[in-house]
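If you read the protein sequences in the order shown, they are chains C and G.
Residue numbering for the first sequence follows this note's numbering, starting at 4 and increasing by one per position.
Residue numbering for the second sequence follows this note's numbering, starting at 552 and increasing by one per position.
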Amino acid sequence: MRLRALALLGGALLSTVAQAGAQEYHVDREADNRVTFVSRAAIEEFEGVTDRIDGYVLLGQERLSAGSVRSETEFYFEVDLASLDTGISLRNRHMRDNYLEVAEFPYAALDGSIATVSETAEGFRIEAIGRMAIHGVEQVVSVPCEVTEEGSGYRARCALQVLLSDYDIEIPRVMFLKLANEIQLRLDFHLKPAPAG
Amino acid sequence: MRHSVVGFAIGALLIPSMLAGQERRGSWQRSEPATEVPVTVFHSTQSANLPTAETLAKGEILFEISHRFSPSISEGADALWGLDGPVVNRLGLSYAVSDRAMVGLLRSNLADNLDLQVKLRVWEADAGSGAYMLGMVGGIAINPELTDVSAFDGESLQYYAQAILNVAPVPGLALGLVPGVIHNVNPGSGDPESALSVGLTGQLYLSQHVSVLGEWNFSEDNGIDLAHDAGAFGVELETGGHFFKLLISNSVRLNPAQHMGGTPFSFDPDEWRLGFNVTRLLSF
C-alpha cells in the first residue's frame, strides 16, 4: 500500500515536471496503418483487417528513450470496428452485428501508459499497460510493442492476445464454430508529431 | 531483465489506479465519425425463390446449388417423402461487379432453362421507422429442351424484370414486395405471351444464425401447366459464408422465368414438396 502511494505520488510529480518537455504524437492517418485480428477456429482460420486506427501518445519528453517506468506518458488508441474487413461481406456483417455489436460499441479502445522502454538494435521495445475496451467491457492488458524511429515520428508494431469471453462476446456453438475465442491482435501504425497549436 | 519485470509490476499496479478518473491531456480529437454500418434488411440475396434487394460486396462470388424434389411429401415412406427423387436441380454462379450490382448465370435442368440476370441495389436507408432497400432484377432465359428451333428463337427466349422493395419495420423482421413482368411466360406453347406477377416474402430472424421464411408469388392463370400461385416456407441457417435453406413448396420451377409464371400444383398439403437451397460466398 505504501509502495503504491509512493508510486502514485512519484507518478504525479513526474507528470508535472515532464509537462514542459512533453511531446505529443498522433497516429498518421495518411500512412500505411494496419490493424489485424486473427481467428484460428477448429474448421476455419480468417483475418480481419482495417486501416482505421487513430489516437495519440503523449510522451513526457521530446523523444523516446530507454528507461524504466514512464508513468508520465499517456496514450489512447481506437479502432473503428465497423471498418473491419474479413474478406467476406456476410462474415463482416456477423462480426459487426452479432459479435462486436458495433452499432452500440463502435470502437475498440486502448488507453494507458508506457511501463518500460528498452533499447533494441532496431529501436525500442516498450511494454505498455492500459485498459482495453471492447464491446463495452474494459480489461487491463499489457501490450508489448516494437518501436522504430521514422523521421520525426515513429512506427509501432504491437501484438497481444484477447479472449472474446473476457469482453462478454458470445460465440454460438450450436452450428459451426468458425470464430475462435482466442483472438490474436496485431497493430502496425505510424505516429507523427502533433500539429503545433 | 529483472529491472523490466519490476517496472512492469509497478506499472501494472500503478496504471489502472492512475487511469481511473484521469482526464486525457493530449490535444488529439477524433477527426471523423465511425464507419457507417451498412443497411441490412434480408441477410441473403434471395428468399426461397424470390429475389431480395441484398447484393454481394464487390468481387465476391456466390455459388448456389438448389433442389426441389419432384415427388410430393404425401407420397410417404415409399418415396421417402419425396427424397427418392427425381429432383429439379439448379446450379448458379453470381459475381458482384460492384457493391451494388451483380451478374448471375443460373441453370435449371427443368427444360434446361439457362438464365442470365443482372441485379442492382438501387437505394437503401435506415430511418427511425425501419430499414428500407430498393432493388431491381432483369434477365434473359433460353429453354433449349422445349423447342426444335434455335434457343434464341422467339418461342424459346424469355425475358423478365422485377422490382424489389424490402422493409425491416422492426429489427429481426424483413418483408419484401416483388412485382414483375415476364415475356413468353410459357415457352414452347407456340404463343409467346407476357404476364405479370407480384411476389410477397417475409423472414423472421430468430437468432444470430436461424430464421424462418415464407413467400408467395401471385401470378396470372397462364395455362394448365401454370394454373396456381407458387408458395414456399422453411427455415434458413446462416454461417460465416453459407446459407442453408430447407424448404417446403408447391413449385419445382426454380429459375426466375419459370417461377414467375406459376406452378401446376396447388398449395394443398398433398402437393407440398421438399427442397433446399445452399449458397456459398467466395472471395478471391
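In this text, a Cβ means the ideal position worked out from N, Cα and C, and glycines have one as well.
Within chain G, the C-beta atoms nearer than 7 Å to that of residue 29 (chain C) come from 579, in chain order. Nearest CB-CB separation between residue 759 (chain G) and chain C: below the 9 Å threshold. Inter-residue distance for residue 721 (chain G) and residue 755 (chain G) is about 10 Å (C-alpha atoms, whole angstroms).
Contact between residue 81 (chain C) and residue 59 (chain C) does not hold, since the beta-carbon distance rounds to 10 Å and is not under 8 Å. Interface residue (Cβ-Cβ distance to chain C less than 9 Å): residue 672 (chain G) is not classified as such. Taken through DSSP and simplified to helix, strand or coil, residue 117 (chain C) comes out as strand. Positions of the beta strand (DSSP E) runs, each at least 3 residues long and wholly inside the stretch 641 to 684 of chain G, are given as 652 to 659 and 665 to 678 in order along the chain. DSSP places residue 93 (chain C) inside the alpha helix (DSSP H), whose first and last residues are 92 to 96. Within the stretch 629 to 653 of chain G, those residues whose Cβ lies closer than 9 Å to any Cβ of chain C are, in chain order, 647 and 650. Contact check for residue 78 (chain C) against residue 118 (chain C) fails: the beta carbons are separated by 9 Å or more. Of the other Cβ atoms in all chains shown, 16 or more fall within 10 Å of the Cβ of residue 99 (chain C); this residue is therefore buried. Residue 668 (chain G) is classed as buried because its beta carbon has at least 16 other beta carbons within 10 Å across all chains shown. Pairing residue 715 (chain G) with residue 630 (chain G) gives a Cβ-Cβ distance that is not under 9 Å.
Of all residues in the stretch 185 to 200 of chain C, the ones placed with a Cβ closer than 8 Å to any Cβ belonging to chain G are 197, in chain order. Within chain C, no residue has its beta carbon less than 7 Å from that of residue 763 (chain G); the closest one is some 16 Å off. A check of alpha carbon separations from residue 585 (chain G) across C:36, C:69 and C:106 identifies C:106 as the nearest.
In the pairwise beta carbon analysis, the stretch 723 to 739 of chain G is classified as touching the stretch 774 to 783 of chain G: at least three pairs are separated by under 8 Å. Of G:602, G:620, G:663 and G:632, the smallest CA-CA separation from residue 653 (chain G) is found for G:602. Residues of the stretch 772 to 800 of chain G with a C-beta atom less than 9 Å from some C-beta of chain C are 788, 789, 790, 791, 792, 793 and 794, listed in chain order. Contact of residue 611 (chain G) with chain C is assigned, a C-beta pair being separated by under 9 Å.
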